[in-house]
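Asker: Could you have a look at this structure, given as structure tokens, before my questions?
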Amino acid sequence: MPSLFSSILCKESYTHFIHRSKVKSTRWFTKRKPISFEAICLFEHAIKIATEEMVYAVQSQGSIYYEGDYRVASDAVHVCLDQFHHLLQSLSTEHAQRFQHHWSEPLFQLRSRLDSLPLPLS
């Protein structure tokens, strides 16, 4: 079930067109890149996966699995950050502010938790 926040932002998935009737040929321009409901759901899913991978990395410290778990957790966090920045650039100003307000703190905590882990030896 999608979150209430993603259903609010779902309205951004509709592309708004501006018709320029005074131009000889008909042109259609998009105001901004459309954000699909699926993109927001993928972001929320990426956050969940990154959180789970972080738990594995924390639990495997000192074991032979730590290096792999750390790398997977690091990659997952970076995917979340990339998706976050992409969505911020693609949303309208109002929705971008709400999105940033909602997700900045969880992302900061996730990144801080990753940064607090020791680097793998190899």
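If you're matching positions, the sequence shown starts at 1 in the UniProt record's numbering and goes up one per residue. Glycine included, every Cβ here is placed at the ideal spot set by N, Cα and C.
Buried or exposed: where does L121 fall if 16 or more other Cβ atoms within 10 Å of its Cβ makes it buried?
Answerer: The residue is exposed, with fewer than 16 neighbouring Cβ atoms inside 10 Å.
Asker: Spatial neighbours of W103 within its chain, please: C-beta separation below 7 Å, excluding the five flanking residues on both sides.
Answerer: Excluding residues within five positions, the ones whose Cβ falls inside 7 Å are F84.
Asker: Excluding sequence positions up to five away, which residues of its chain have a Cβ less than 7 Å from the Cβ of L107?
Answerer: C80, L81 and F84, listed in sequence order.
Asker: Run through DSSP, which three-state label would G62 get?
Answerer: G62 falls in the coil class under three-state DSSP.
Asker: Using 8 Å for Cβ pairs, my map puts L114 next to V55. What's the rounded Cβ distance?
Answerer: Not a contact, Cβ separation roughly 12 Å.
Asker: Can you tell me whether L87 is buried or exposed? The criterion is at least 16 other CB atoms within 10 Å of its CB, across all chains shown.
Answerer: When all chains shown are included, L87 counts as buried.
Asker: Let's test the definition: count the other Cβ atoms within 10 Å of the Cβ of S74 and tell me whether it reaches 16, buried, or not, exposed.
Answerer: Its Cβ being crowded by 16 or more others within 10 Å, S74 is buried.
Asker: Taking the alpha-carbon of L110 as reference, which of A50, Y66, I40 and F43 has the nearest alpha-carbon?
Answerer: The option with the nearest alpha carbon to L110 is A50.
Asker: Using three-state DSSP, classify L119 as helix, strand or coil.
Answerer: Reduced to three states, the DSSP call for L119 is coil.
Asker: Below 7 Å, is the gap between the Cβ of L107 and the nearest heavy atom of the ligand SAM?
Answerer: Only the bare structure without any ligand can be found here, which leaves the ligand SAM out of the picture.
Asker: Does the beta-carbon of E52 have 16 or more other beta-carbons within 10 angstroms, so that it is buried, or is it exposed?
Answerer: Exposed: under 16 other Cβ atoms inside 10 Å.
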